[in-house]
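Each remark here refers to the structure printed beneath this line.
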Amino acid sequence: MSMAAKGIGTLKFLLTCWKLNLASAMEYRLSFFMLAGMMFINNFMWLFFWSLFFGRFQVVNGWDLSDVMMLWAVGAGGFGWANMLFGNFNRIAPIVSGGQLDVYLSQPKPVLLHVLASRMSLTAVGDFMFGLVIYGWVGDHSLRGALLFTAGLIISGVLIMAVTIIGGCLSFYVGNSEGIANQVFNSFLALSTYPSDIFRGFAKALLFSIIPAGFISYLPIGLMRDFDAIFVLEAVAVTLGFLGIGIFFFHRGLRKYSSGNAIALRG
Amino acid sequence: MTMVALQTHALSKIFTVKQKRAGLTGSIRSLIKPQWEEKIAVKGIDLTVQRGEMVAFLGPNGAGKSTTIKMLTGILHPSSGEAQVLGLTPWRERAKLAYRIGAVFGQKSQLWYHLPPIDTFDLISRIYELDRSEYAARRNDLIERFELGPYLNIPVRKLSLGERMRCEIAVSFLHRPQLLFLDEPTIGLDVVVKQRIRELIREVNKEEGTTVFLTSHDAGDVEELCSRAVVIHHGGILLDAPVDRLKREVLSRKIISLTLASGFDPTMLPSQVGTEVLKVEGRRVKIAVDLQQTDIEAVLGSLIGRFRLEDVTVEDPPMEEIITHIYGSGGG
Numbered sequence: 001m002s003m004a005a006k007g008i009g010t011l012k013f014l015l016t017c018w019k020l021n022l023a024s025a026m027e028y029r030l031s032f033f034m035l036a037g038m039m040f041i042n043n044f045m046w047l048f049f050w051s052l053f054f055g056r057f058q059v060v061n062g063w064d065l066s067d068v069m070m071l072w073a074v075g076a077g078g079f080g081w082a083n084m085l086f087g088n089f090n091r092i093a094p095i096v097s098g099g100q101l102d103v104y105l106s107q108p109k110p111v112l113l114h115v116l117a118s119r120m121s122l123t124a125v126g127d128f129m130f131g132l133v134i135y136g137w138v139g140d141h142s143l144r145g146a147l148l149f150t151a152g153l154i155i156s157g158v159l160i161m162a163v164t165i166i167g168g169c170l171s172f173y174v175g176n177s178e179g180i181a182n183q184v185f186n187s188f189l190a191l192s193t194y195p196s197d198i199f200r201g202f203a204k205a206l207l208f209s210i211i212p213a214g215f216i217s218y219l220p221i222g223l224m225r226d227f228d229a230i231f232v233l234e235a236v237a238v239t240l241g242f243l244g245i246g247i248f249f250f251h252r253g254l255r256k257y258s259s260g261n262a263i264a265l266r267g
Numbered sequence: 001m002t003m004v005a006l007q008t009h010a011l012s013k014i015f016t017v018k019q020k021r022a023g024l025t026g027s028i029r030s031l032i033k034p035q036w037e038e039k040i041a042v043k044g045i046d047l048t049v050q051r052g053e054m055v056a057f058l059g060p061n062g063a064g065k066s067t068t069i070k071m072l073t074g075i076l077h078p079s080s081g082e083a084q085v086l087g088l089t090p091w092r093e094r095a096k097l098a099y100r101i102g103a104v105f106g107q108k109s110q111l112w113y114h115l116p117p118i119d120t121f122d123l124i125s126r127i128y129e130l131d132r133s134e135y136a137a138r139r140n141d142l143i144e145r146f147e148l149g150p151y152l153n154i155p156v157r158k159l160s161l162g163e164r165m166r167c168e169i170a171v172s173f174l175h176r177p178q179l180l181f182l183d184e185p186t187i188g189l190d191v192v193v194k195q196r197i198r199e200l201i202r203e204v205n206k207e208e209g210t211t212v213f214l215t216s217h218d219a220g221d222v223e224e225l226c227s228r229a230v231v232i233h234h235g236g237i238l239l240d241a242p243v244d245r246l247k248r249e250v251l252s253r254k255i256i257s258l259t260l261a262s263g264f265d266p267t268m269l270p271s272q273v274g275t276e277v278l279k280v281e282g283r284r285v286k287i288a289v290d291l292q293q294t295d296i297e298a299v300l301g302s303l304i305g306r307f308r309l310e311d312v313t314v315e316d317p318p319m320e321e322i323i324t325h326i327y328g329s330g331g332g
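Which chain is which? The protein sequence lines are A and B, in order. Sequential numbering of the first sequence, starting at 1, is according to full-length UniProt numbering. Sequential numbering of the second sequence, starting at 1, is according to full-length UniProt numbering.
Here you go:
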């Protein structure tokens, strides 16, 4: 089979997966709208606190309220689409330690992709919508602005996914790493929602290296407000690098996968 | 094309299991100084299965059946040994192999839980990249053959276990696998559904030449479905024989369980050769029948003539008893 045919086949498979996820979510419509709506409101609460803060200090290290709002837009929006389309990315640890990879491994599609695309998070719809609403409110609505915001969403979503997958893959090596994986996920998400310029020295170095949350939290400035080609290139390289590491760890981990006898159901 | 469907040589799997003593102290001790123990799940299995064969892979719980099947489908990497399935090494060429085999794990569903089975059919057709018109024809054939019409649009969560298993097996046939692995397909099902599922598997094997490799701890699956049985115990092969021989030598006993309408009077039991009372508990009685000395019909006939019965079931002896019997007679 040629690469192009393979790619088209995988795309059709992904589209069917997403269609089924959505249909599955719609089975419980009330729950769907409540969860999505609650997450939307939850994100607004955070912005409300930031607005109180900026009511006292107009500018903090070059950041004003609209930058922080765009940071939330790009962070929540990126997390939102990743969790909508690849909703199992923060459940790798329990899936591995619970021996639930068997069905994915017995089928021919790429295992990690198949696992990731097999779930849609309902709350994530609220996150994604929140990101779009904030962009509509304070973002740059020119074509360039829209493209840069889209690029920001892609970078933040893929980077959040990649770091979380790496945390989840620990399960192949240390047994149930659900707790550690959750810690990695939550800390990374929290760190990516604070303006990167409030950190200094070692903390800042960490945010732009092994905990690459800085490449998300600087997006409103380095990508969208004052386009910095070097930062953007670094952000793309780091995102692809972490994604590559995540995929590598996952596939190496499969050799150590020990399955299990837990009863597993899909969807 | 080679006639061998699968072949293994000294296939082994060892799991490293953490040992933990009971209670909180045990947990703390295990945290500071963990103790690991090697558990041999599969011990050097040599096996060859020809194309079109229906092989039952039997053994009690924990014998290594599922681990073997998981290595043969590429889910687990073995600790040592070799295997070729349809000419491919499962754990190295997993994706390539997956297009040509099917797998049903009784305890791991591939059906979308909240959606009707028809949606899973659609997804599976995309996973195996089936041509649309070919898919529609095959799906309709399977729906008819497995009589899935009434359940097709009901969410899987609302189906009974038997209905779900029929859907599971039908879905696994969608891409016309050359080799089908069935891991405990009849687990937890009632006698009627078990029987129907066995018939359907037999039908597809006959019509499409699908090789079937079935693990079970239900002796009935062997008798009714397979021509050959491989019994494993403690990770190694204990017996590899035609089912006819197994029936003659090992499955020669049946257990009759009776619930009587009134109390049990042992003097009323027929003094029939080849019968043995195993257990009496109030109005419940278990009798073993040796089929080499008498037949079930005769024993049932004389029981019905002597007692008023509320319920009666005829079962195969449990797998543990079969294993003990094989051990006693010196293996295969």
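Glycine is no exception: its CB is placed at the ideal position from the N, C-alpha and C atoms. All values reported here derive from a predicted model rather than from experimental measurement.
Asked, Found
"The stretch 112-122 of chain B / the stretch 183-193 of chain B touching (three or more Cβ pairs under 8 Å)", "no"
"Residues that P242(B) bridges to, as DSSP identifies them", "R228(B)"
"Residue burial classification, V212(B) (beta-carbon count within 10 angstroms, cutoff 16)", "buried"
"Residues of the stretch 113-124 of chain A whose Cβ lies closer than 7 Å to any Cβ of chain B, in chain order", "none"
"Nearest neighbour of M3(B), chosen from T48(B), E37(B), F264(B) and V280(B) [CA to CA]", "T48(B)"
"Helix, strand or coil at S217(A) [DSSP, three-state]", "helix"
"Contact test: E315(B) Cβ vs the ligand MN heavy atom, cutoff 7 Å", "The model on display carries no ligand, and the ligand MN is accordingly not part of it."
"Interface positions of the stretch 72-94 of chain B facing chain A (Cβ-Cβ less than 9 Å), listed along the chain", "T73, G74, I75, L76, H77, W91 and R94"
"Nearest-angstrom Cβ-Cβ length linking T16(A) and L123(B), presumed shorter than 8 Å", "5 Å"
"Selected residue, minimal CA-CA separation from G139(A), among V96(A), L85(A), F215(A) and L223(A)", "L223(A)"
"Reduced DSSP secondary structure (H/G/I, E/B, other) of H114(A)", "helix"
"CA-to-CA distance, V204(B) to L243(A), given in whole angstroms", "43 Å"
"Closest by C-alpha distance to K18(B), when choosing among L24(B), E37(B), T8(B) and A41(B)", "E37(B)"
"Close beta carbons around V280(B), own chain, < 6 Å, minus the five adjacent residues each side", "F264"
"Residue-level contact to chain B via CB, P94(A), 8 Å cutoff", "no"
"N- and C-terminal bounds of the alpha helix (DSSP H) containing I245(A)", "A229 to L254"
"Chain-ordered chain B contacts of V174(A) [CB-CB under 7 Å]", "Going along chain B, no residue has its Cβ under 7 Å from V174(A), so there is no contact; the nearest lies around 10 Å."
"Any beta strand (DSSP E) of 3 or more consecutive residues that is wholly inside the stretch 157-238 of chain B", "179-183, 211-216 and 228-233"
"Straight-line gap, D290(B) to E321(B) (C-alpha atoms, nearest Å)", "14 Å"
"Complete beta strand (DSSP E) runs within the stretch 13-42 of chain B (minimum length 3 residues, chain order)", "none"
"Short-range partners of chain A found in the stretch 114-132 of chain B, where Cβ spacing is below 9 Å", "H114, L115, D119, T120, D122, L123, I124, S125, R126, I127, Y128 and E129"
"Span separating the alpha-carbon of residue 335(B) from that of I69(B)", "With chain B covering only 1 through 332, there is no way to say anything about residue 335(B)."
"Member of A137(B), A229(B) and L258(B) whose CA lies at the smallest distance from the CA of R248(B)", "A229(B)"
"Within chain A, partners of F15(B) - CB distance below 9 Å", "S258"
"Three-way DSSP call (helix, strand, coil) for A23(A) in this model", "helix"
"Interface positions of the stretch 154-167 of chain B facing chain A (Cβ-Cβ less than 9 Å), listed along the chain", "P155, V156 and R157"
"Residues near R283(B) in its chain [Cβ-Cβ closer than 8 Å; skip 5 each side]", "T259, L260, A261, S262, G263, F264 and E310"
"Residue span of the beta strand (DSSP E) that contains A56(B), given as start and end", "M54 to L58"
"Minimum Cβ-Cβ distance from K33(B) to chain A less than 8 Å", "no"
"Which listed residue (R245(B), I187(B) and T120(B)) has its alpha carbon closest to that of S227(B)", "R245(B)"
"Secondary structure of G331(B), DSSP reduced to three states", "Legend: pLDDT at G331(B) = 48, less than 50; position of this residue unreliable, value from coordinates given subsequently. Coil."
"Status (buried if at least 16 other CB within 10 Å, exposed otherwise) for N83(A)", "buried"
"Exposed unless 16 or more other CB atoms sit within 10 angstroms - verdict on I201(B)", "buried"
"Among L219(A), N88(A), L207(A) and F249(A), nearest to F149(A) - alpha-carbon criterion", "L219(A)"
"Simplified DSSP assignment, three categories, for R92(B)", "coil"
"Own chain partners of F249(A) with C-beta closer than 7 Å, once the 5 adjacent residues on each side are dropped", "I166 and C169"
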